[in-house]
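Written out below as structure tokens is the structure these notes cover.
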Amino acid sequence: MISPRVARGTPVIVMGISGRVGALQSRLMKEYGTNIVGGVSPVSERNEINGIPIFASCSDAVKATGAMHCVALIAAPHLLAAMTEAVAAGIKYMVTPAEGMPVYDALLARRMALDAGMLWIGPSTPGMAVPGDTKLGFIPNDALRPGPLGVMSKSGTLSYEAGYRLSQRGIGQSVWIGVGGDPVKGTYYSDLVPFFAADTQTEALLIIGEIGGHEEEDLATALKVQQFSKPVYALIAGRTAPEGVAMGHAGALIHGNHGSYAAKHAALEAAGVRVLSSLNEMVEGVCAQLR
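For the record, in the sequence shown the residue sitting at position 18 is 31 according to the numbering used here, with numbers rising by one throughout.
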């Protein structure tokens with residue numbers, strides 16, 4: 014697996030840079046320190062945006078810049094085409110924030126990414142960050158601070174609040190990865206366990222999960238198999254969610270007890286994870302361990 018950690022100065026291209034979101038987020042990523050070396054827009058008549066040169070295709074951008082990392086700020090219905098273009102151009106690390114990618118498209122994209130050896134983060138993700146170095150996506154700066162805590166999250170908003178509160182207490186992050194909340198995606202919690210186990214800058218791990226799906230249960234299994242020895246904390250959203258009500262992410266589906274808060278809580282605790290019941294409890298628990 015390609016390392017999720019993106020080093021400072023790594024060249025990055027942005028697909029969809031000429032759109033409103035693309036222009037804004039490319040500027041913000043660049044201001045944070047991300048080395049945005051090119052943008053892709055087949056329709057723009059401009060030569061540059063935010064001082065970033067624009068290319069007509071991903072292939073042209075890769076040939077001109079050598080970039081192997083890409084953020085695609087593309088609407089969900091067009092993500093499969095964008096990913097197909099990126100894979101053909103040789104991109105090896107791709108972040109796709111858009112939520113609601115059609116499930117069949119996501120299945121095709123996942124197979125394509127795996128076959129090409131590409132690390133795909135998304136869809137439905139705020140992206141990833143190595144605080145103080147670079148970010149690919151739109152995780153708020155106020156939530157980012159360099160530190161020893163690895164973060165994996167399904168929920169963007171809840172993880173921003175967690176990151177902000179911990180940062181205010183002096184606890185920052187080593188690598189932050191929003192795996193996203195769609196049912197089919199490129200990277201799952203369990204995929205990242207070997208990386209965080211080996212990463213020397215990560216002293217502990219924080220999981221921001223939610224009810225529905227089986228990703229947290231799969232994570233529990235992976236932690237046991239890996240014999241993960243670092244402290245792991247988890248906050249699972251939806252503990253008091255009413256039964257039978259459609260809400261949250263597309264992947265938040267419960268079948269019987271499978272995917273319920275109780276099932277996730279039990280599985281994670283059995284793997285040695287400390288499951289916290291609130292943001293305040295999570296902050297105090299993490300600070301007690303890492304400060």
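Just so it is clear, CB atoms sit at the ideal spot from N, CA and C, and this is done for glycine as well.
All values reported here derive from a predicted model rather than from experimental measurement.
Note that the C-beta distance between P110 and P153 is not below 8 angstroms. If the five residues before and after A69 are omitted, its C-beta is found closer than 7 angstroms to the C-beta atoms of P55, all from its own chain and listed in chain order.
A straight line joining the alpha-carbon of A175 with that of K167 spans about 13 angstroms.
The Cβ-Cβ distance between G191 and S172 falls below 8 angstroms. Going by C-alpha positions, V288 is about 20 angstroms away from S180.
The count of Cβ pairs closer than 8 angstroms, one atom from the region 141-149 and one from the region 220-227, stays below three, leaving the stretches out of contact.
Of all alpha-carbon atoms in V108, Q186 and V53, the one lying nearest the alpha-carbon of D212 is that of Q186. Secondary structure note for H82: its beta strand (DSSP E) is the uninterrupted segment H82 to A85. In terms of Cβ geometry, A275 and A233 do not form a close pair [threshold 8 angstroms]. Secondary structure at A233: helix, using DSSP grouped into helix, strand and coil. Judged by their CB atoms, M81 and A122 are not nearer to each other than the 8 angstroms cut-off. Counting only residues of its own chain and dropping the five nearest sequence neighbours on each side, V84 has a CB closer than 6 angstroms to the CB of V27, V108 and L149. Taking the CA atoms as reference points, V188 sits about 18 angstroms from K105. Under the three-state reduction of DSSP, K277 is assigned to helix.
Taken in chain order, the complete beta strand (DSSP E) segments of 3 or more residues contained in the region 164-209 are 186-191. Three or more pairs of CB atoms, one per stretch, sit closer than 8 angstroms, so the region 215-222 contacts the region 240-252. Nearest C-alpha to F151 among T170, S291 and Q239: T170. Beta-bridge annotation (DSSP): A250 is paired with E223. Each of A102, V245 and V299 was checked against the Cα of A74, and the nearest Cα belongs to A102. G35 is positioned such that its CB atom lies no closer than 8 angstroms to that of L93. Counting along the chain, R287 sits inside the beta strand (DSSP E) bounded by residues R287 to L289.
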